[in-house]
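Q: Have a look at the structure that comes next, please.
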Amino acid sequence: MKLTEWTMKEQEELIHFMTTNTWPYHGNSHPARELIEKTIEEGGYQSDQVKTFWVENEKNEQVGIVKIYDLQDEIPLFDLRIADGARGRGYGPRALKMVTEYVFQLPEVKIRLEGHTRQDNFAMRKTFERAGFVKEAQLRQAWFSPKEDSYYDAVTYGMTRDDFLKGTATPVNWDDDFIKKAKNEERHSFSEEFYTDRLIIRAPHLEDAEVVWKSVINSHEALKEWMPWAQTKQTLEQSTTNLRQAVADFITRKDLRLHLFLKDTGEFVGASGLHRIDWNVRKFEIGYWIDRRFEGKGLMTEACDRITQFAFEELHANRVEIRCDTENVRSRSVAERVGYTLEGILHKDSLSADGKKLRDTCIYGKTKQ
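Residue numbers (our numbering): 60 to 428.
Listed below in structure tokens is the structure:
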């Protein structure tokens, strides 16, 4: 691996990298082109105070980017980002070690290097630790997430010049329960891809955008009757933006969208997933839609049966629901074939997909045995 300094000639590459990957733990998880352009223009990526580097792997592929700033101070900071498709391969710790070597070998002596992350960003916290950084502070409710309209604790990690030169990591004389929580998180990790006889069911990927968009357009008239989001035809850009959010929500476990593909051909069939999640109760709601080309083949029943199994066996669900309009015969038949029990009908509970009429809602449920 190596760090290659970014230049102003690579503006488009930088904009593409920043806008086509997801940053769920940053203040702005989906930065727009205009914002990146403005930051570049104002010297936010290259100036006397800032240097930006590409993180390149052994194949010279750009797998990440790191910005080192406050370079004229004795204590610079950095922002390290690894691309969606390159996460989980050990690039983060190796890149951070190279950043550390660069900073402490500068002719102007730096006494320490530090970085900050959100408390629940376990991947970044592990990156710091594997690179020899020490947790030095936890700032309560110091990290605001505009998307969630919520405050999170911020965590600071640092590397001192002395520790770098000695190859040590001197701990601060205090600790929290991060290790216990991280181990607990690992114990409750779950599969992001599983199978049925005919289907591959997996987490959404950004590269799915075009096939999902084409499927939605192809099935627009059928979807329009029941789906509020299908009242107008989506553009590819809108579909991509929606998918970016789905990827981010999957990472943070806010919502678990799942994409369905045929095993034999790799064709995109439709989408399902577990929504309206209550992790305290361990309650989930299955939603689904299918490309009209694959209707009537029992594929969605097969998918929902497997997702229900996944919810109970891997997510330790206590309850899984399927909710649908009383007149949505196809959706109701899926719930019934999978063995869900009709627990009730809420009269005049919701609006039709086009928002013009009051409708009744069926509630189907399954509970932990």
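The beta-carbon is built from N, C-alpha and C at its ideal position, and this holds for glycine as well.
Applying the criterion that 16 or more other CB atoms from any shown protein chain within 10 Å of the CB defines a buried residue, is A91 buried or exposed?
A: Flag for A91 reads exposed.
Q: In or out: H318 buried (at least 16 other Cβ within 10 Å) or exposed?
A: Label assigned to H318: buried.
Q: I'd like to know if the segment 283–290 and the segment 247–264 are in contact, where contact means that at least 3 CB-CB pairs between them fall below 8 angstroms.
A: No, they do not touch.
Q: Would you list the one or two residues that DSSP bridges to W202?
A: Bridge partners of W202: Y211.
Q: Would you please state the rounded distance, in angstroms, between the beta carbons of G174 and F187? I believe it to be under 8 angstroms.
A: Right, their Cβ atoms sit about 7 angstroms apart.
Q: Hey, how far is the Cα of K258 from the Cα of S331?
A: In the sequence as displayed, the identity of residue 258 is Leu instead of Lys. Those two C-alpha atoms are separated by around 12 angstroms.
Q: Check this for me: beta carbons of F327 and S274, under 8 angstroms apart or not?
A: In contact: F327 and S274 (Cβ atoms closer than 8 angstroms).
Q: Give the DSSP-derived three-state secondary structure of D267 in the structure shown.
A: D267: helix per DSSP, three-state reduction.
Q: In whole angstroms, what is the alpha-carbon distance linking K342 and A376?
A: If you take the alpha carbons of K342 and A376, they lie about 6 angstroms apart.
Q: Mind checking Y21: buried by the 16 CB within 10 Å criterion, or exposed?
A: This structure cannot speak to residue 21, because the chain is shown only from 60 to 428.
Q: By DSSP, does Y128 sit in helix, in strand, or in coil?
A: In this structure, Y128 counts as strand in the three-state DSSP scheme.
Q: Would the segment 333–340 count as touching the segment 105–121 if we require 3 or more Cβ pairs under 8 angstroms?
A: As far as the Cβ criterion goes, the segment 333–340 does not touch the segment 105–121, which means the pair count is below three.
Q: How would you label M359, buried or exposed, when you count the other beta carbons within 10 angstroms and need 16 or more for buried?
A: Answer is buried; the Cβ neighbour count reaches 16.
Q: Sort out for me which residues DSSP pairs V193 with in a bridge.
A: In the DSSP output, where bridge partners are listed per residue, V193 has G217.
Q: So who's on the other strand from H334, going by DSSP bridges?
A: DSSP lists E344 as partners of H334.
Q: Distance, Cα to Cα, Q304 vs E269?
A: One C-alpha to the other measures close to 15 angstroms.
Q: Based on the DSSP output, what are the partners of C383 in its beta bridges?
A: Answer by DSSP bridge pairing, in chain order: C421.
Q: Output needed for L295: all residues of its chain with C-beta closer than 6 angstroms, excluding positions within five of it in sequence on either side, in chain order.
A: If we look at L295 and ignore the five residues flanking it on each side, its Cβ neighbours are W272.
Q: T420 to G346, Cα distance in whole Å?
A: Cα to Cα, the separation comes out at about 14 angstroms.
Q: Quick one: using the 10 Å Cβ neighbour count with 16 as the cut-off for buried, is A412 buried or exposed?
A: Classification of A412: buried, given that the 10 Å Cβ count is 16 or more.
Q: Roughly how many whole angstroms lie between the Cα atoms of S278 and T299?
A: Using only the alpha carbons, I get a separation of about 17 angstroms.
Q: Within a Cβ cutoff of 8 angstroms, which residues of the same chain sit near D350, ignoring the five residues on either side of it in sequence?
A: Result list for D350: S274, N277, S278, F327, V328, G329, in chain order.
Q: Looking only at its chain, what residues have a beta carbon closer than 6 angstroms to the beta carbon of A262, apart from the 5 residues adjacent to it on each side?
A: For A262, where only same-chain residues beyond five positions count, the Cβ hits under 6 angstroms are E251, F309.
Q: Within its chain, find whatever has a CB closer than 7 angstroms to the CB of Q131; leave out the 5 residues flanking it on each side and keep chain order.
A: If we look at Q131 and ignore the five residues flanking it on each side, its Cβ neighbours are D107, Q108.
Q: Locate the alpha helix (DSSP H) running through T79, then write down its first and last residues.
A: It spans 70–79 - the alpha helix (DSSP H) in which T79 sits, taken as one unbroken run.
Q: Classify D350 as helix, strand or coil using the three-state DSSP reduction.
A: Correct three-state label for D350: coil.
Q: Give the secondary structure of H279 by DSSP, where H, G and I count as helix, E and B as strand, and everything else as coil.
A: Looking at H279 - three-state DSSP - the assignment turns out to be helix.
Q: Compare the Cα-Cα distances from D138 to each of G86, L94, E117, G149 and report the closest residue.
A: Out of G86, L94, E117, G149, G86 has the C-alpha closest to the C-alpha of D138.
Q: Write down the C-beta distance between I99 and V122 rounded to the nearest angstrom, noting that I regard them as a contact closer than 8 angstroms.
A: Their Cβ separation, rounded to whole angstroms, is 21 angstroms, which puts I99 and V122 out of contact at 8 angstroms.
Q: Taking the Cβ atom as the reference point for each residue, do L388 and C363 lie within a distance shorter than 8 angstroms?
A: Position check: residue 388 holds Val in this sequence, whereas Leu was assumed. Cβ distance not < 8 angstroms, so V388 and C363 don't count as in contact.
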